[in-house]
Amino acid sequence: MKDIILKKFVEVFGDAGDARAYFAPGRVNLIGEHTDYNGGHVFPCALTIGTYGVARRRTDNKLRFFSMNFERLGVIESSLEELVPSQGAGWTNYPKGVMWAFGEKGMKIPCGMDLLLNGNIPNGSGLSSSASVEVLTGHILRDFFGFDVSNQDLALIGQYAENHFNKVNCGIMDQFAIAMGKADHAIFLDTADLSYEYAPIALKGAKIVIACSNKKRGLGDSKYNERRSECEAALAELKQVTEIDSLGDLDEEAFEKYKSAIQDEVRVRRAKHAVYENQRTIRAVKALKANDVEQFGQLMNASHVSLRDDYEVTGVELDTLVEEAWKIDGVIGSRMTGAGFGGCTVSIVKDEAIDTFIEKVGTAYKEKIGYAADFYVVEIGDGPRSL
Ligand code: GLA
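Each residue of the sequence shown is one higher than the one before, counting from 89 in our numbering.
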């Protein structure tokens, strides 16, 4: 890949000069969905697929961007004086947002750059292509200009850019999973205080399979922010009757005791998901540590049911992929992953069942939905790096 992107860089920007090549992964969340903005736990991992980039410093303040995933857009030009979000700027709002966020944190970028990207994560699919671009940009800025930032800082800066530049109120999970990724490990992160632990994922005789629904979604135009507000409102109501900082502070028993404080049936279900999903995530990691992959799979399934019925973020595409997966022998667990409303599912599938899984789920999906899903057997990879 390095050769391909360097060659393309020369083709697009004239010469390579002192250009350098980089990579940042995508991520998949195994369990703990819509808990990261509720002070709960998540359990994501970085993937070996992600975003490749080539960057070169300029002597002026110009920024020139080119994405091999959006070739038809050609070279998009901007400058360090124009770090404001704009609709026409498309994907460049992500690297620009990170450059802006570095400035906000007191790290002034001394010169412009030419940046070429090529991602092999499907865009807008719930595998965090945007967070991957954000962390990649942060890594490049650190490498170029020697900013004293840790990988965890890169995650926080990426989230800051997403929240305040791109105006998507996301939690920390995606950027954290990408910036802190470790091969063959998932990250058990407590979003209440960012304490975390790496858990080895050794699925003897099974693999992680991602099914992409090909139903596109953008977080900004989805109901993501609405779910966040519903949880905030439920939390405010619960705070009237019990001393908590976030929904993640409650276990199931405490939630059942206090839930009558929530004045609206829909909000009760939203908060219930956040509380129960957090507890499921804690239990799932325990099960995995005890080598009980079956139990882990059942908790994944329960997570999907809760996201479908209580949180209502699945939709017919994701439900079809998951419900068809559940029918197949050798599927240990299957659920939607990421924000939902389209995007991908994640399944743990025994090696000998993978071909059948792809064929049967693929056929049933196409029959019901009218277009095809894509399948990826993935591996867990490391965080951002220079190539
Ligand atoms: C998106 C957000 C994350 C998280 C998930 C849902 O991926 O970016 O912060 O909230 O949705 O778990």
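All C-beta atoms in this analysis are idealised placements derived from N, C-alpha and C, irrespective of residue type, glycine included. If you're wondering where the values come from, they're calculated on a predicted model, not measured in any experiment.
Out of the options, which has the shortest C-alpha to C-alpha gap to residue i?
i    : options                : result
I197 : N206, A280, M187       : M187
E320 : D103, R108, M261, D124 : D124
F233 : I370, D281, G200       : G200
D417 : F445, E405, V401       : F445
R230 : F190, I457, S216       : F190
A427 : E447, V465, T402       : T402
K255 : G431, S391, S238, N313 : N313
N302 : C432, L204, L387, V419 : C432
A107 : L118, V116, K95, R115  : K95
Q351 : I275, A109, S218, Q328 : Q328
M156 : Y364, V465, N211       : N211
Taking the beta strand (DSSP E) that residue i belongs to, which residues open and close that run?
i    : result
M187 : It is not in any beta strand (DSSP E) - M187 instead sits in the alpha helix (DSSP H) that spans 181-192.
M424 : 419-425
L204 : 201-207
A460 : No beta strand (DSSP E) holds A460; DSSP gives it neither H nor E.
K150 : 150-155
D278 : 273-278
K438 : 432-438
V142 : 132-145
K295 : 294-300
E159 : Careful: E159 lies outside any beta strand (DSSP E) and carries neither H nor E.
Y284 : 283-288
In whole angstroms, what separates the C-alpha of residue i from that of residue j?
i    : j    : result
N126 : V100 : 44 Å
S474 : K90  : 10 Å
S310 : F429 : 7 Å
I209 : G138 : 5 Å
D337 : L376 : 23 Å
G308 : T136 : Residue confidence for G308 is low, a pLDDT of 48 falling below 50, so the modelled location carries little weight; the figure read from the coordinates is stated next. Spanning the two alpha carbons is a distance of roughly 26 Å.
T451 : H122 : 30 Å
I260 : D241 : 11 Å
S174 : K193 : 21 Å
F235 : M195 : 7 Å
R423 : K415 : 13 Å
L151 : S167 : 5 Å
F97  : S317 : 43 Å
P113 : A349 : 42 Å
F131 : N366 : 10 Å
E165 : L244 : 26 Å
A362 : L335 : 7 Å
G458 : V449 : 13 Å
V419 : G105 : 50 Å
Q386 : G421 : 6 Å
Y346 : D398 : 18 Å
T330 : I275 : 30 Å
L277 : N117 : 11 Å
I332 : L326 : 8 Å
L282 : N149 : 36 Å
Y248 : V354 : 29 Å
Y182 : F154 : 13 Å
I74  : G214 : Residue 74 cannot be examined here, being either before or after the span of the chain that is shown, 89 to 475.
V381 : C258 : 30 Å
Applying the criterion that 16 or more other CB atoms from any shown protein chain within 10 Å of the CB defines a buried residue, is residue i buried or exposed?
i    : result
P288 : exposed
V142 : buried
T476 : Here the chain has residues from 89 to 475 only, and residue 476 is not among them.
A322 : buried
N379 : exposed
V404 : exposed
K360 : buried
I468 : buried
L205 : buried
S394 : buried
T279 : buried
E340 : exposed
I370 : buried
A134 : buried
V466 : buried
D202 : buried
Tell me the residue span of the alpha helix (DSSP H) that contains residue i.
i    : result
Y312 : 312-327
S218 : 217-233
D407 : 404-414
S167 : Counting along the chain, S167 falls outside any alpha helix (DSSP H), though it belongs to the beta strand (DSSP E) covering 164-167.
I117 : The question names Ile, but residue 117 in the sequence shown is Asn. Counting along the chain, N117 falls outside any alpha helix (DSSP H), though it belongs to the beta strand (DSSP E) covering 108-117.
R371 : 353-377
A349 : Looking at the DSSP string, A349 is not in any alpha helix (DSSP H), and its letter there is neither H nor E.
E121 : It is not in any alpha helix (DSSP H) - E121 carries neither H nor E in the DSSP assignment.
I92  : 90-101
L387 : 381-397
L244 : 239-252
Between residue i and chain D, is there a C-beta pair that is closer than 8 Å?
i    : result
G178 : Although the question refers to chain D, the structure presented lacks it and comprises just one protein chain.
**Message:** Would you call the region 175-193 in contact with the region 152-163, where contact means no fewer than 3 C-beta pairs closer than 8 Å?
**Reply:** yes
**Prompt:** Counting Cβ pairs, one atom from each stretch, are 3 or more of them under 8 Å apart for the region 267-277 and the region 408-420?
**Reply:** The answer is no - the region 408-420 does not touch the region 267-277, with fewer than three Cβ pairs under 8 Å.
**Asked** Are the region 250-267 and the region 215-234 in contact at 8 Å, needing three or more beta carbon pairs?
**Response** Yes, since at least three Cβ pairs between the region 250-267 and the region 215-234 fall closer than 8 Å, the two stretches touch.
**Request:** Examine the Cβ distances between the region 276-296 and the region 438-454 and report whether three or more of them are shorter than 8 Å.
**Result:** yes
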